[in-house]
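Residue numbers (my numbering): 1175 to 1718. Structure record follows, encoded as structure tokens.
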């Protein structure tokens, strides 16, 4: 049967009125809206793991082990980018460029060995680093850019200049900043015009007036092609009204800020978007559940920024959650347990981990944040994901808030429904329409899979290669044949339960077809033989 015939109707549950099912969704008077490919989406294979990072590491030799442990965590969480930050003491020696500093070289190579792209940040903020910004001349910045581009050619593609300069507008003059940025970019591009130079990050994204003097000043560099990306730090908040995204509008979100600031500054080039720092703060632990729900929306906001071409003009270069690690009492940290212990995410951190587990290896097919409020990703033959920003202000819900998932692949026979608090339910699909109600004013993720896909090493069948699988192997070590109760019997039926099975567990440790084992009360799949309704209210998360 043609793929287009496989659909799943979604009821956008309305908290104040009864839901009435219709076959397809109509926004306003006539505009039909399906969660399907338009044929104009991103097709270059960009995945969340290619663009997501988790905070910076430095280059102090005394902390090299700490930096490497962070990179190990980023690899574990399927991240693809790490920002390596240097102040003048890190990138200069005897007032000369120092690209061969051993720790910098070691960290760059270590990040690459773990599958992460290293971005270098050259920072010199007077309040933080001492001295006078103007002490480093335009020529000196040219020399730094050229020296590092030569030393890291083939290993580093992106170079960032000065972090949050707009926080220091009282001590850094606009023109001296622009002149030095130009010198640095010229130095990098003297090695190769294909290397990428970005601003280091503007801090006051929610207050455009404070940054306009810098944005307007760098517009000629952006419009000439000297700058590849505009780096904006967006810290949303549950408690700060200027930064809220929970008030029925995404005007404080990255798509709106990115477009508004470019327009106000006169930047006409379709720059890439970078957020080397973003997060949703939960000051004073005001409401962990609300913060986690908002964090899911904010995360997709940052992964789905589009450029001048509007929907499907996906321009995200880097989205770095700041910070995965750190003092858990700080409002922007996603770690729950004390620093130095193996990482455990707080509620927002667990949302981050869940999203990366579900989506890291799936390529974007549709990026439609403006009005439509959805994204589509796919790993062919394994899973297809629809992310719906089912929130007023993110999509035009209209008077009849009902939509349809279309283009369900022929190989898929189940759809999982995920919210911020985990897997809410799994439903079977067949050749008739399947119908379900979903929670209002939340971001929701639908994942279509083939139910018979087995994860190599997942011998207990919980969708995760982890301690339970190791226990099974060790408990049955030396048996000639695998017990028939083992879900994943391959390979090794009729073989001794020994090294081959252990190798598969260890090689795939932490791999998840679906991280369902981390959540409680996962419903059994329901067979859909007619038009049925499932009200999926979500299951509470279980830590550990």
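Cβ atoms here follow ideal geometry from the backbone N, Cα and C, with glycine treated the same way. Every value quoted in this text rests on a predicted model; they were computed, and no experiment measured them.
Query, Result
"Within 8 angstroms, strictly: CB atoms of residue 1323 and residue 1357", "no"
"Beta-bridge pairing of residue 1406 - partner residues as DSSP gives them", "1376"
"Contacts around residue 1229, its chain only, beta-carbon distance under 6 angstroms, and the 5 residues preceding and following it disregarded", "1496, 1497 and 1498"
"Neighbourhood of residue 1208 by C-beta, 6 angstroms cutoff - its chain only, sequence neighbours within 5 removed", "1578 and 1580"
"Contiguous beta strand (DSSP E) assignments of at least 3 residues, all confined to the segment 1534-1596", "1537-1542, 1548-1553, 1557-1564, 1576-1579 and 1588-1593"
"As assigned by DSSP and simplified to three states, the class of residue 1267", "strand"
"Sheet register partners of residue 1652 (DSSP bridge)", "Note: residue 1652 sits in no beta bridge, so no partner."
"Nearest neighbour of residue 1544, chosen from 1587, 1595 and 1479 [CA to CA]", "1479"
"Endpoints, the alpha helix (DSSP H) within which residue 1351 is located", "1348-1363"
"Spatial neighbours of residue 1266 in its chain, beta-carbon cut-off 6 angstroms, leaving aside the 5 residues before and after", "1272"
"Distance CB(residue 1365)-CB(residue 1329) smaller than 8 angstroms", "no"
"Buried or exposed (CB count within 10 angstroms, at least 16 for buried), residue 1210", "buried"
"Exposure label - residue 1217; buried when at least 16 CB within 10 Å", "exposed"
"Within 8 angstroms, strictly: CB atoms of residue 1477 and residue 1493", "yes"
"Boundaries (first-last residue) of the alpha helix (DSSP H) holding residue 1232", "Where residue 1232 is concerned, there is no enclosing alpha helix (DSSP H), given that its DSSP letter is neither H nor E."
"Beta-carbon proximity of residue 1467 to residue 1616, cut-off 8 angstroms", "yes"
"Helix, strand or coil at residue 1291 [DSSP, three-state]", "strand"
"Nearest-angstrom Cβ-Cβ length linking residue 1288 and residue 1255, presumed shorter than 8 angstroms", "Actually they do not touch by this definition, with Cβ atoms about 11 angstroms apart."
"Outcome for residue 1657 when other beta-carbon atoms lying within 10 angstroms are tallied against a minimum of 16", "exposed"
"Exposure of residue 1259, with buried meaning 16 or more beta-carbon neighbours within 10 Å", "buried"
"Reduced DSSP secondary structure (H/G/I, E/B, other) of residue 1496", "coil"
"Exposure of residue 1653, with buried meaning 16 or more beta-carbon neighbours within 10 Å", "exposed"
"Reference residue 1437, options 1455, 1415, 1392 and 1400, closest by Cα", "1392"
"Other residues of its chain near residue 1429: CB distance less than 8 angstroms, five sequence neighbours each side excluded", "1475, 1478, 1479, 1480, 1543 and 1544"
"Residue from 1680, 1220 and 1623 with nearest C-alpha to residue 1643", "1680"
"Segment contact flag, the segment 1562-1572 with the segment 1591-1606, C-beta cutoff 8 angstroms, min 3 pairs", "no"
"Closest residue to residue 1613 among 1427, 1599, 1395 and 1529 (Cα-Cα distance)", "1599"
"Buried versus exposed, by CB contacts within 10 Å (16 or more), residue 1641", "exposed"
"Backbone secondary structure at residue 1636 - three-state DSSP", "coil"
"Three-state secondary structure assigned by DSSP to residue 1620", "strand"
"Top-ranked residue by Cα proximity to residue 1646, from 1318, 1629, 1234 and 1672", "1672"
"Simplified DSSP assignment, three categories, for residue 1453", "strand"
"Beta-carbon gap between residue 1533 and residue 1551 smaller than 8 angstroms", "yes"
"Cβ-based neighbour list, residue 1548, same chain, cut-off 8 angstroms, excluding 5 preceding and 5 following", "1209, 1540, 1542, 1560, 1561, 1562, 1563 and 1569"
"Residue 1502 to residue 1520 span [Cα, whole Å]", "8 angstroms"
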